[in-house]
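Report on the following structure.
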Ligand SMILES: [Zn+2]
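In our numbering, the protein residues as written are 743 to 1003.
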């Protein structure tokens, strides 16, 4: 099938759906110029952190317990790479699908693995950011202190970890570090929405290596309901997707929106 035919068919499927779940991963943020930290072109491809440990170890809950300065040095590097970046047209289109009745959707949800908060910044409200959000800082001892920040410019890289102004414990972003459990409330929300069901599930820019990211695609496939994948590369869910658009996130969403408008 030619690309233009695939786009037409994907747009038809989208038009027929009233409820849609969009699942987004690193490929979505990559179109905003955010580096991924693994994989081709990633910050940590074939490289250990300055502390001499692999990035997954530095960004683990265990390392944060033992030596939060190591975790923070990587968090700062990720945050600095993201500074000045903003949501792209694809983020805006997903927000418009949710908020603008002209598209005719009843129910739009986003399940994202990205921790940049871009979906919310673009105006999406029904977002399950299952891995958290770097812009929400909180006391690691959970004394109750928390702060919403736009970036980490106020954090001194020579005095890590940054500390809670109330109780002097290390602070941390409200993100799920490697080896930590997913947040209960967000998991419950996801299961509630999956039980309600979606006419269409669209997987965008994620390799879907985590079971909870692949699950919604699998559920729809089992029920004989449509699934769509947007990804230049083949992934864990490619074989069950009804239709694959081998495109980047922003370009695919712009092309689809144009056919819906
Ligand atoms: Zn505190």
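The beta carbon of each residue, even a glycine, is placed where N, CA and C say it ideally should be.
- Cβ neighbours of residue 864 within its own chain (closer than 8 Å, five residues either side excluded): 829, 833, 834, 836 and 837.
- Residue state for residue 922 is assigned as coil, using DSSP reduced to three classes.
- Near ligand 1, meaning a beta-carbon closer than 6 Å to one of its heavy atoms, we find 881, 883, 885, 887, 906, 908, 909 and 911.
- Between the alpha carbons of residue 989 and residue 808 lies a distance of about 42 Å.
- C-alpha of residue 845 to C-alpha of residue 764: approximately 15 Å in a straight line.
- Exposure of residue 923 is indicated by the presence of fewer than 16 other C-beta atoms within 10 angstroms of its C-beta.
- Taking C-beta separations shorter than 8 Å and ignoring five residues to either side along the sequence, the partners of residue 811 in its chain run 902 and 903, following chain order.
- Taking C-beta separations shorter than 8 Å and ignoring five residues to either side along the sequence, the partners of residue 818 in its chain run 894, 897, 899 and 902, following chain order.
- With contacts defined as CB atoms closer than 8 Å, residue 826 and residue 991 fail to qualify as a contacting pair.
- For residue 851, the enclosing beta strand (DSSP E) begins and ends at 849-854.
- Judged by beta-carbon spacing, residue 982 lies beyond the 8 Å limit of residue 947, meaning their Cβ atoms are not closer than that value.
- For secondary structure counted as the alpha helix (DSSP H) over 4 or more consecutive residues, the region 747-808 holds these complete runs in sequence order: 768-772, 797-800 and 803-808.
- Leaving aside the five residues that flank residue 757 on each side, the residues in its chain whose CB is nearer than 7 Å to its CB run, in chain order, 1002.
- Residues 791, 793, 812, 813, 815 and 816 of the same chain have their beta carbon placed closer than 8 Å to that of residue 800, with the five preceding and five following residues left out of the count.
- Leaving aside the five residues that flank residue 877 on each side, the residues in its chain whose CB is nearer than 7 Å to its CB run, in chain order, 859, 890, 891 and 892.
- In the DSSP assignment, residue 832 falls outside any beta strand (DSSP E) and lies within the alpha helix (DSSP H) extending over 831-841.
- In the DSSP secondary-structure assignment, residue 888 is bridged to 880.
- Between residue 752 and residue 987, the CB-CB gap stays under 8 Å.
- Residue 937 and residue 910 have their C-alpha atoms spaced approximately 43 Å apart.
- In its chain, beyond the 5 residues on either side, 761 have a beta carbon closer than 6 Å to the beta carbon of residue 849.
- For residue 885, the number of other beta carbons within 10 angstroms of its own is below 16, and it is reported as exposed.
- In the structure shown, residue 912 adopts extended strand secondary structure according to DSSP, grouped into three states.
- Around the beta-carbon of residue 839, 16 or more other beta-carbon atoms lie within 10 Å, marking it buried.
- Residue pairing of residue 980 in beta bridges, as defined by DSSP: absent, with no partner found.
- Under DSSP, residue 813 forms no beta bridge with any residue.
- Under the criterion of beta carbons closer than 8 Å, residue 749 and residue 998 qualify as touching, at roughly 7 Å.
- In this structure residue 847 is buried. Its beta-carbon is surrounded by 16 or more other beta-carbon atoms within 10 angstroms.
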